[in-house]
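In what follows, a single structure is set out as structure tokens and then discussed.
4 protein chains.
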Amino acid sequence: MAVPDLEFSVTELHAFMISAWPERAGHFEPDRFDVFDPGRCRMRQRVTAGDLRPGGTVSGPTLMQLADSASYALILGHLGDAALAVTTSLSIDFLRRPFGPELVADCELVKLGRSLIVCRVVIASAEEGAAPDPERPEAIANVTYSQSLV
Amino acid sequence: MAVPDLEFSVTELHAFMISAWPERAGHFEPDRFDVFDPGRCRMRQRVTAGDLRPGGTVSGPTLMQLADSASYALILGHLGDAALAVTTSLSIDFLRRPFGPELVADCELVKLGRSLIVCRVVIASAEEGAAPDPERPEAIANVTYSQSLV
Amino acid sequence: MAVPDLEFSVTELHAFMISAWPERAGHFEPDRFDVFDPGRCRMRQRVTAGDLRPGGTVSGPTLMQLADSASYALILGHLGDAALAVTTSLSIDFLRRPFGPELVADCELVKLGRSLIVCRVVIASAEEGAAPDPERPEAIANVTYSQSLV
Amino acid sequence: MAVPDLEFSVTELHAFMISAWPERAGHFEPDRFDVFDPGRCRMRQRVTAGDLRPGGTVSGPTLMQLADSASYALILGHLGDAALAVTTSLSIDFLRRPFGPELVADCELVKLGRSLIVCRVVIASAEEGAAPDPERPEAIANVTYSQSLV
Numbered sequence: 117m118a119v120p121d122l123e124f125s126v127t128e129l130h131a132f133m134i135s136a137w138p139e140r141a142g143h144f145e146p147d148r149f150d151v152f153d154p155g156r157c158r159m160r161q162r163v164t165a166g167d168l169r170p171g172g173t174v175s176g177p178t179l180m181q182l183a184d185s186a187s188y189a190l191i192l193g194h195l196g197d198a199a200l201a202v203t204t205s206l207s208i209d210f211l212r213r214p215f216g217p218e219l220v221a222d223c224e225l226v227k228l229g230r231s232l233i234v235c236r237v238v239i240a241s242a243e244e245g246a247a248p249d250p251e252r253p254e255a256i257a258n259v260t261y262s263q264s265l266v
Numbered sequence: 117m118a119v120p121d122l123e124f125s126v127t128e129l130h131a132f133m134i135s136a137w138p139e140r141a142g143h144f145e146p147d148r149f150d151v152f153d154p155g156r157c158r159m160r161q162r163v164t165a166g167d168l169r170p171g172g173t174v175s176g177p178t179l180m181q182l183a184d185s186a187s188y189a190l191i192l193g194h195l196g197d198a199a200l201a202v203t204t205s206l207s208i209d210f211l212r213r214p215f216g217p218e219l220v221a222d223c224e225l226v227k228l229g230r231s232l233i234v235c236r237v238v239i240a241s242a243e244e245g246a247a248p249d250p251e252r253p254e255a256i257a258n259v260t261y262s263q264s265l266v
Numbered sequence: 117m118a119v120p121d122l123e124f125s126v127t128e129l130h131a132f133m134i135s136a137w138p139e140r141a142g143h144f145e146p147d148r149f150d151v152f153d154p155g156r157c158r159m160r161q162r163v164t165a166g167d168l169r170p171g172g173t174v175s176g177p178t179l180m181q182l183a184d185s186a187s188y189a190l191i192l193g194h195l196g197d198a199a200l201a202v203t204t205s206l207s208i209d210f211l212r213r214p215f216g217p218e219l220v221a222d223c224e225l226v227k228l229g230r231s232l233i234v235c236r237v238v239i240a241s242a243e244e245g246a247a248p249d250p251e252r253p254e255a256i257a258n259v260t261y262s263q264s265l266v
Numbered sequence: 117m118a119v120p121d122l123e124f125s126v127t128e129l130h131a132f133m134i135s136a137w138p139e140r141a142g143h144f145e146p147d148r149f150d151v152f153d154p155g156r157c158r159m160r161q162r163v164t165a166g167d168l169r170p171g172g173t174v175s176g177p178t179l180m181q182l183a184d185s186a187s188y189a190l191i192l193g194h195l196g197d198a199a200l201a202v203t204t205s206l207s208i209d210f211l212r213r214p215f216g217p218e219l220v221a222d223c224e225l226v227k228l229g230r231s232l233i234v235c236r237v238v239i240a241s242a243e244e245g246a247a248p249d250p251e252r253p254e255a256i257a258n259v260t261y262s263q264s265l266v
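Chains as they are written, first to last, in the numbering used here: chain A, 117 to 266; chain B, 117 to 266; chain C, 117 to 266; chain D, 117 to 266.
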């Protein structure tokens, strides 16, 4: 996609979240983003005991939330504080059991429209601070948002 | 679907979660289920400040987690402790802004197979302890799980 | 959903399709609809040899097209000729192998908005002209459309 | 993904389809595939009048069928004639109106398991025989299959 510039850096995004959604601002700390570029971001999350289902698998909601958070961050980065974004749909397929210790979400913006914004996300495990193996994705998601003016 | 009997009551499910997934057992307390029958359950959740996105909308992950939790509870109710269930896919469409104060998920089992288990979920807001308006669903989801022996 | 009246009967829908989309009008013949009511329709289709994949299974695209056609017909029934409807997303889960000889799609409108229209569809096999077994759905789909003025 | 070799070339795939599914073998003619490599294929289709909905948009089922056909071809290429593949789910988002005159589907295999096979597909328009603009995808789909022995 021919991608416009970002309105927010990750630091500005975090500052915005602290004022607009203080209960969740911790999800959007700048050091969770390895990449935050126009049209693309990489977000990282440590797996905790609460994320593990019986059997030791990372729970579906943990992965869905990460896919959604990476998309939401990237979309807010593009919209800035001029607009709100609300999720309109999400579909996710779980491919392999994530092994951690970190989950890395690569998010790509494929459509930035007025009534439809769409991101594709690939999630894979990685060692702390390391890049994931691109040949072993653990979940793939398509996330759609729509925007409305404030 | 011709539905087999449940292996777990909601009380047994909660006891199982306390031992198997203590960090999340609070999500599965018996009084959160208005209905827990073969093939069908109704799960209820109070909207909290942390669930609200900027603009006052309940966040997508809150609704996805509720859809997934209702499905997971119903599936564990059918499988008991003889098997594990792992999410294989989830798709959700958000239809209207949930207004709370409670979210009610109606979950129906449509397939209970060895390698594929599928639930349909409808989520709508309701007053505390009340039934939702069936004509104003706020999200609909299809959730698929697969089972593996312990 | 509190559903408005229909703008088109099945006969008017078919007449509209003959003029607007003659190549596919045959898909929308009135006798394919057992039910065509506000908010709800039932559409029927005979399985042909071309629909069968190697192994004798009805192909995915046959079921997707039926889910989409039932949704499109019901949405056009509500919009009449004042607006166009375009598909924005579809998700479908295949639950069991359809055995035919007919496929029956039950379609329910769950949201009729300006920028978002959503239908849920359940597909099951049936004998010729008969009702399907509601306990053995073969596919479930969520279909979303958006409308634009002509 | 670390991808195994193909069992079928496009020519062998077409020969197999002629014997196993003669009614649809025309969909799988070798010259429709610009690329047919391990883990990846590109499939091309000409838009015809019957594919156009009222308003001149390519119909959803046309795009879904192309996403499914590209996935099915690539999966059969990997499985050969030792196994059957059946669709278990498909989710697709439509991003922009396709303008034709050809539709090009880029399909990538992201998981090739015994009970779960997953492809990601991106569809975009192109001039006859030309490559599509990678920055203007018109639809993205996740397609899952499962295999069973013959």
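Note that beta-carbon positions come from the ideal geometry of N, C-alpha and C, so glycine has one too.
Buried or exposed: residue i, going by 16 or more other Cβ atoms within 10 Å of its Cβ?
{"i": "Glu254/C", "result": "buried"}
{"i": "Asp184/A", "result": "buried"}
{"i": "Asp222/D", "result": "buried"}
{"i": "Gly155/A", "result": "buried"}
{"i": "Ala189/B", "result": "buried"}
{"i": "Thr187/C", "result": "Sequence inspection shows Ser at residue 187/C; the Thr mentioned does not correspond to that position. Buried is the call here."}
{"i": "Gly193/C", "result": "buried"}
{"i": "Arg213/C", "result": "exposed"}
{"i": "Arg160/D", "result": "buried"}
{"i": "Arg162/C", "result": "exposed"}
Can you name, in chain order, every residue of its own chain whose Cβ lies under 7 Å from the Cβ of residue i, other than the five neighbours on each side?
{"i": "Arg236/B", "result": "Glu224, Val226 and Asn258"}
{"i": "Asp197/A", "result": "Phe132"}
{"i": "Pro248/C", "result": "Val220, Ala240, Ser241 and Ala242"}
{"i": "Leu195/A", "result": "Glu123, Ala201 and Gln263"}
Contact criterion: CB-CB distance below 8 Å. Does residue i meet it with respect to chain C?
{"i": "Arg169/D", "result": "yes"}
{"i": "Thr204/A", "result": "yes"}
{"i": "Leu232/A", "result": "yes"}
{"i": "Ile256/B", "result": "yes"}
{"i": "Arg252/D", "result": "no"}
{"i": "Ala136/D", "result": "yes"}
{"i": "Arg158/B", "result": "no"}
By the criterion of Cβ-Cβ separation under 8 Å, what are the contact partners of residue i in chain E?
{"i": "Thr173/B", "result": "The structure shown contains no chain E; the protein chains it does contain are A, B, C and D."}
For residue i, which residues of its own chain have a beta-carbon under 8 Å away from its beta-carbon, when the five flanking residues on both sides are left out?
{"i": "Ser262/A", "result": "Ala201, Val202, Thr204, Ser231, Leu232 and Ile233"}
{"i": "Val266/A", "result": "With a pLDDT of 48 at Val266/A, under the threshold of 50, the modelled position of this residue cannot be trusted; read the value that follows with caution. Here the set comprises Asp197, Ala198, Ala199 and Leu200."}
{"i": "Leu168/A", "result": "Val174 and Ser175"}
{"i": "Phe215/C", "result": "Ser241"}
{"i": "Pro170/D", "result": "none"}
{"i": "Thr127/C", "result": "Pro146"}
Might you give, ordered along the chain, the residues of its own chain that have their beta carbon closer than 6 Å to the beta carbon of residue i, omitting 5 neighbours on each side?
{"i": "Ile256/D", "result": "Asp209 and Val238"}
{"i": "Ala246/C", "result": "none"}
{"i": "Ile191/B", "result": "Ala201, Ile233 and Tyr261"}
{"i": "Ala141/D", "result": "Met133 and Ile134"}
Taking only beta-carbon atoms, is residue i less than 8 Å away from chain D?
{"i": "Thr164/B", "result": "no"}
{"i": "Ser187/B", "result": "no"}
{"i": "Leu182/B", "result": "no"}
{"i": "Leu122/B", "result": "no"}
{"i": "Glu139/C", "result": "yes"}
Kindly indicate if chain A contains any beta-carbon less than 8 Å away from that of residue i.
{"i": "Asp209/D", "result": "yes"}
{"i": "Val226/D", "result": "yes"}
{"i": "Ala198/B", "result": "no"}
{"i": "Glu218/B", "result": "no"}
{"i": "Pro177/B", "result": "yes"}
{"i": "Arg236/D", "result": "yes"}
{"i": "Thr104/D", "result": "The question about residue 104/D has no answer, for chain D in this structure spans 117 to 266."}
Would residue i count as contacting chain B if we go by Cβ distances under 8 Å?
{"i": "Ala118/C", "result": "yes"}
{"i": "Arg213/C", "result": "no"}
Three CB pairs or more closer than 8 Å across the stretch 207 to 220 of chain B and the stretch 130 to 149 of chain C: Not touching, per the Cβ criterion.
4-residue-minimum alpha helix (DSSP H) runs that sit fully inside the stretch 157 to 202 of chain D, ordered along the chain: 176 to 195, all fully within the stretch 157 to 202 of chain D.
The stretch 120 to 130 of chain A touching the stretch 135 to 155 of chain B, judged by at least three CB pairs closer than 8 Å: Here the stretch 120 to 130 of chain A makes no contact with the stretch 135 to 155 of chain B; the two share fewer than three CB pairs at distances below 8 Å.
Three CB pairs or more closer than 8 Å across the stretch 165 to 179 of chain D and the stretch 171 to 181 of chain B: Because the criterion of three Cβ pairs below 8 Å is not met, the stretch 165 to 179 of chain D and the stretch 171 to 181 of chain B do not touch.
4 or more residues per run - each alpha helix (DSSP H) lying fully within the stretch 119 to 158 of chain C: Fully contained in the stretch 119 to 158 of chain C are the following alpha helix (DSSP H) runs of length 4 or more, in chain order: 126 to 136.
Every unbroken alpha helix (DSSP H) inside the stretch 229 to 260 of chain B [4 residues or more]: As far as the stretch 229 to 260 of chain B is concerned, it has no whole alpha helix (DSSP H) run of at least 4 residues.
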